[in-house]
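One structure is given below, encoded as structure tokens.
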Amino acid sequence: MGRTGLLTLVCSVLALLSVCLVRAEDAYKYYTWTVTYGTRSPLGIPRQVILINGQFPGPRLDVVTNDNIILNLVNKLDEPFLLTWNGIKQRKNSWQDGVLGTNCPIPSNSNYTYKFQVKDQIGTYSYFPSTQLHKASGGFGGLNVYHRSVISIPYANPDDDFTLLIGDWYNSDHKKLRQTLDSGRSLAFPDGLVINGQAHTTFNGDQGKTYMFRISNVGLSTSINFRIQGHNLKLVEVEGSHTIQNLYDSLDVHVGQSVTVLVTLNQPPKDYYIVASTRFTRKVLTATAVLHYTNSRSPASGPLPPAPANQFHWSMKQARTFRWNLTANAARPNPQGSFHYGKITPTKTIVLANSEALINGKQRYAVNKVSYVNPDTPLKLADVYNIPGVYSVDSIQSVPATNNGAAATIATSVIPSSLHDFIEVVFQNDENAMQSWHLDGYDFWVVGYGKGQWNPDKRRTYNLVDALTRHTAQVYPKSWTSILVSLDNQGMWNMRSAIWGRQYLGQQLYLRVWSAQRSFTSEYDIPSNVLLCGKALAHRP
Numbered sequence: 001m002g003r004t005g006l007l008t009l010v011c012s013v014l015a016l017l018s019v020c021l022v023r024a025e026d027a028y029k030y031y032t033w034t035v036t037y038g039t040r041s042p043l044g045i046p047r048q049v050i051l052i053n054g055q056f057p058g059p060r061l062d063v064v065t066n067d068n069i070i071l072n073l074v075n076k077l078d079e080p081f082l083l084t085w086n087g088i089k090q091r092k093n094s095w096q097d098g099v100l101g102t103n104c105p106i107p108s109n110s111n112y113t114y115k116f117q118v119k120d121q122i123g124t125y126s127y128f129p130s131t132q133l134h135k136a137s138g139g140f141g142g143l144n145v146y147h148r149s150v151i152s153i154p155y156a157n158p159d160d161d162f163t164l165l166i167g168d169w170y171n172s173d174h175k176k177l178r179q180t181l182d183s184g185r186s187l188a189f190p191d192g193l194v195i196n197g198q199a200h201t202t203f204n205g206d207q208g209k210t211y212m213f214r215i216s217n218v219g220l221s222t223s224i225n226f227r228i229q230g231h232n233l234k235l236v237e238v239e240g241s242h243t244i245q246n247l248y249d250s251l252d253v254h255v256g257q258s259v260t261v262l263v264t265l266n267q268p269p270k271d272y273y274i275v276a277s278t279r280f281t282r283k284v285l286t287a288t289a290v291l292h293y294t295n296s297r298s299p300a301s302g303p304l305p306p307a308p309a310n311q312f313h314w315s316m317k318q319a320r321t322f323r324w325n326l327t328a329n330a331a332r333p334n335p336q337g338s339f340h341y342g343k344i345t346p347t348k349t350i351v352l353a354n355s356e357a358l359i360n361g362k363q364r365y366a367v368n369k370v371s372y373v374n375p376d377t378p379l380k381l382a383d384v385y386n387i388p389g390v391y392s393v394d395s396i397q398s399v400p401a402t403n404n405g406a407a408a409t410i411a412t413s414v415i416p417s418s419l420h421d422f423i424e425v426v427f428q429n430d431e432n433a434m435q436s437w438h439l440d441g442y443d444f445w446v447v448g449y450g451k452g453q454w455n456p457d458k459r460r461t462y463n464l465v466d467a468l469t470r471h472t473a474q475v476y477p478k479s480w481t482s483i484l485v486s487l488d489n490q491g492m493w494n495m496r497s498a499i500w501g502r503q504y505l506g507q508q509l510y511l512r513v514w515s516a517q518r519s520f521t522s523e524y525d526i527p528s529n530v531l532l533c534g535k536a537l538a539h540r541p
């Protein structure tokens, strides 16, 4: 065999090995999780919490890009229950989204098996209960998607990584908090903050080594500032995006968001405080943990590192420094910057204004003057079985009503859109409170933040080159946030306030991404194990 033939043979063998390796890494991973009640004391006061396999928080779900997840969830609570996978795109598969618009809740003493693939994703995510106010009692956990071995990352592998689930916490359980909301009152200020379900915890590391900290705000309502005494935080990833690796003294993490940082233990050997504290609140709540050098002989000491003194201006300015690393890949080998999102003309602009509302004498929250109510039948099942009267695409407008004095109404609101549309969404916040918005099934480019009222001239301030993609965007008081979304994922997708009391009382809607052409390449068929409820029960085989 000549040199050319031998070279061709070697290349063919290497290509075959590469393909086999990639396919081998598209593994199937099987889990059985049992959801029960238990008693824990996150703030020193015993209260009922929600456990998964006896754990609070729930088990950490560590998977690799393109892994197939088969997870049997057994509900032993006294109420129907669902988990949603916060930030997982569920490609062509809104059936596994775990929200009431797509899934019937799992009845007590029953089970449901989720089947989904973490397709073309990497990064730090979380899961939590989407039903009722269960999230206030636990049932949440970390979900980390690691890169495939054949795809490089733009930093050296850390020596280890830690998952930090940070959030506000109430000493009242979810049933009492739900009663408060159902009575027409808002939730009181939280009783404290917890890190991984505890008021105090310790993370151990060796001097000179570098560790990854995966930080998720799993709370109900409060933005949090995160910092580590004496150490810089190198931001490397935000919800699936590799970032320009800037150094920060502290980071604001808003409700529903996740960030990933690298921390090098390059200080004298002792213990250091890890601090999380509430932002934009009159009363500041603080939770601490300890970063323990394994060769330390000294406990953490000195004052806690302070949060930034400036509030909204500082936070918005920091948010604008989060930038896409255009030359790095994410889950795929092609660079992130190879998709020039800023050169695509949006097919539609949707402006969503959040507001408070008093309806039938009770506190509600609304989007464009419509407060969402969950029907007995999931919207997705209504689509498949052509069940009329479950929702209306005419109940909510894609821009706020010009008559600001109009009363808010209640409806099951859905905004229609077409598969492969490229849309601009503006979140307009006319209130004095911080907002946070999430879109299931997608990531999106956060292209702009600004004060006051949005108008088309604000597009001149957009970042159309290296804005981050993420799944949850904060909206500052009396301000707006703009995102661009490529609607390449057919299904019925929940767009909601990540501030859970507001979501529960109506600040959400669904985005129906539709194509008349029914094909497996666009959307998977209804699962064989689908749960049926409401009007869909008539279609039971």
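No gaps in the numbering here: position 508 of the sequence shown is 508 in full-length UniProt numbering, and each next residue is one more. Built from N, CA and C at the ideal position, the CB exists for glycine as well.
Identity of the residue in the options nearest residue i by Cα
| i | options | result |
| --- | --- | --- |
| Y488 | R91, I166, P541, I106 | First, the amino acid is wrong: residue 488 is Asp here, not Tyr. Nearest option by C-alpha distance: R91. |
| N429 | V475, V99, A401 | V475 |
| W445 | L468, V351, N144, S186 | L468 |
| K270 | A289, R297, V259, L247 | R297 |
| Q503 | Q132, L164, P268 | Q132 |
| H134 | G87, V35, R364, L164 | V35 |
| N266 | F280, N295, A289, A287 | N295 |
| K176 | G501, P378, N68 | G501 |
| residue 625 | V145, S250, P400, V370 | Here the chain covers residues 1 to 541 and nothing more, so residue 625 does not appear. |
| G491 | L77, L71, D160, N103 | N103 |
| W169 | T278, N204, L505 | T278 |
| S395 | Y372, W33, D376 | Y372 |
| H313 | D252, P80, L419 | D252 |
| T402 | L419, N368, D376, Q435 | N368 |
| Q55 | N111, K76, W85, G197 | G197 |
| T321 | D466, L181, N494 | D466 |
Cβ-Cβ distance between residue i and residue j below 8 Å
| i | j | result |
| --- | --- | --- |
| F128 | G142 | no |
| V261 | T222 | no |
| G87 | Y125 | yes |
| F162 | R227 | no |
| A319 | I195 | no |
| K89 | G441 | yes |
| V263 | H292 | no |
| Y28 | L71 | no |
| A433 | T472 | no |
| G167 | N217 | yes |
| V64 | W33 | no |
| S250 | P333 | no |
| A199 | A136 | no |
Cα-Cα separation between residue i and residue j, rounded to whole angstroms
| i | j | result |
| --- | --- | --- |
| K317 | V275 | 21 Å |
| Y341 | Q96 | 28 Å |
| I224 | N171 | 19 Å |
| E431 | I52 | 37 Å |
| F280 | Q311 | 6 Å |
| P346 | L464 | 12 Å |
| L21 | I122 | Confidence in L21 is poor, its pLDDT being 45 and thus under 50, which makes the residue's placement unreliable; the coordinate value appears in the next sentence. Distance between the alpha carbons of L21 and I122 is about 18 Å. |
| N386 | Y248 | 52 Å |
| G448 | V530 | 39 Å |
| S522 | S417 | 14 Å |
| T384 | P527 | Note on residue identity: the sequence assigns Val, not Thr, to residue 384. Approximately 12 Å between the Cα atoms of the pair. |
| I106 | V99 | 11 Å |
| L17 | N68 | Summary for L17: the model assigns pLDDT 41, below 50, so the residue's position carries little reliability; its value from the coordinates is reported in the next sentence. Whole-angstrom Cα-Cα distance: 21 Å. |
| G205 | D159 | 9 Å |
| R148 | P335 | 15 Å |
| N66 | V150 | 12 Å |
| M212 | L165 | 14 Å |
| R512 | D421 | 12 Å |
| H539 | Q507 | 31 Å |
| H174 | V145 | 29 Å |
DSSP bridge partner residues for residue i (one or two, in chain order)
| i | result |
| --- | --- |
| M212 | D161, L262 |
| Q179 | None, per the DSSP bridge assignment. |
| F116 | I69 |
| K451 | S479 |
| K348 | I423 |
| V35 | I52, N75 |
| R470 | F444 |
| D252 | N225 |
Are three or more beta carbon pairs between the segment 50-66 and the segment 449-457 nearer than 8 Å?
-> no
Do the segment 443-455 and the segment 481-496 make contact, defined as three or more Cβ pairs closer than 8 Å?
-> When C-beta atoms of the segment 443-455 are compared with those of the segment 481-496, three or more pairs fall below 8 Å, so the two segments count as touching.
On the three-pair Cβ rule with 8 Å, is the segment 328-337 touching the segment 240-247?
-> yes
Three CB pairs or more closer than 8 Å across the segment 356-376 and the segment 403-423 = yes
The segment 151-160 / the segment 110-117 touching (three or more Cβ pairs under 8 Å) = no
Touching or not, the segment 409-429 and the segment 344-354, by the rule of three or more beta carbon pairs under 8 Å?
-> yes
Counting pairs of Cβ atoms below 8 Å between the segment 386-396 and the segment 412-420, do you hit three or more?
-> yes
Kindly confirm or deny that the segment 189-198 and the segment 37-49 touch, where touching means at least three C-beta pairs closer than 8 Å.
-> yes
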